[in-house]
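Q: This is the structure, below, for whatever I ask next.
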Amino acid sequence: MPQQPLAQVPKDAQWYWQEHGSCREADPLLFFHPQNERGSSRARRDRAAKLVCAGCPVRMECADYAVRAREPYGVWGGLSEEEREHIYARLDSRHYPRSRGEGIKAAGDDFTEAVSPRTLGIA
Ligand code: SF4
């Protein structure tokens with residue numbers, strides 16, 4: 458389960474879903490890049506984390522939380538840091554998604570595409 462650095466935890470955040478995350482049995486280091494990791498190493502690690510997320514029964518709850526909290530680090534709900542940055546960049550800070558479900562709505566098609574066979578290189 459990804460840890461929670463620098464997050465702006467939504468007031469209505471609930472954590473029951475974390476008990477069901479597929480990453481509970483995975484290496485936590487898979488979900489966060491080491492300092493200075495770049496290029497193909499980072500892409501491979503992100504992809505391995507995404508593969509875990511792809512089969513996770515609480516992926517939607519996880520991604521919704523991450524977007525609402527504006528999580529800066531790690532793979533959450535199959536969304537990489539870069540993918541979430543793209544989502545954050547198109548949001549209006551005056552109407553930032555804070556209520557449950559608004560994070561997924563804001564992610565839009567990026568949520569599906571994040572773990573699509575094409576993205577994961579298994580198409
Ligand atoms: S979606 Fe990924 S990061 Fe989130 S709980 Fe599931 S396996 Fe863990």
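520 is the number that the working numbering gives to position 63 of the sequence shown; each next residue is one higher, with no gaps. C-beta: ideal position from N, C-alpha, C; glycine also.
(1) Where does the unbroken alpha helix (DSSP H) through L487 begin, and where does it stop?
(2) How many whole angstroms separate the CB atoms of V532 and F488, which I take to be in contact at a CB cut-off of 8 Å?
(3) CB-CB under 6 Å to A580, same chain, minus the five flanking residues each way: which ones, in chain order?
(4) Using 10 angstroms around the beta-carbon of L536, count the other beta-carbons present and answer buried if the total reaches 16, otherwise exposed.
(5) Ligand 1 and Q471: does any heavy atom of the ligand fall closer than 7 Å to the residue's C-beta?
(6) Compute the Euclidean distance between the alpha carbons of R481 and C519, then round it to the nearest angstrom.
(7) I'd like the list of long-range same chain contacts for A508, defined as Cβ closer than 7 Å, with 5 residues on each side in sequence excluded.
(8) Would P462 be called buried (16 or more neighbouring beta carbons within 10 Å of its own) or exposed?
(9) With a threshold of 8 Å, are at least 3 pairs of Cβ atoms found where one atom belongs to the stretch 549 to 568 and the other to the stretch 496 to 504?
A: In short:
(1) Element bounds for L487: n/a, residue is neither H nor E.
(2) 5 Å
(3) P574
(4) buried
(5) no
(6) 13 Å
(7) It should be noted that the sequence gives Leu, not Ala, for residue 508. Cβ neighbours of L508 beyond the five flanking positions: L577.
(8) Note on P462: pLDDT 44, under 50, position unreliable in the model; the coordinate value appears next. With fewer than 16 Cβ atoms within 10 Å of its Cβ, P462 is classed as exposed.
(9) no
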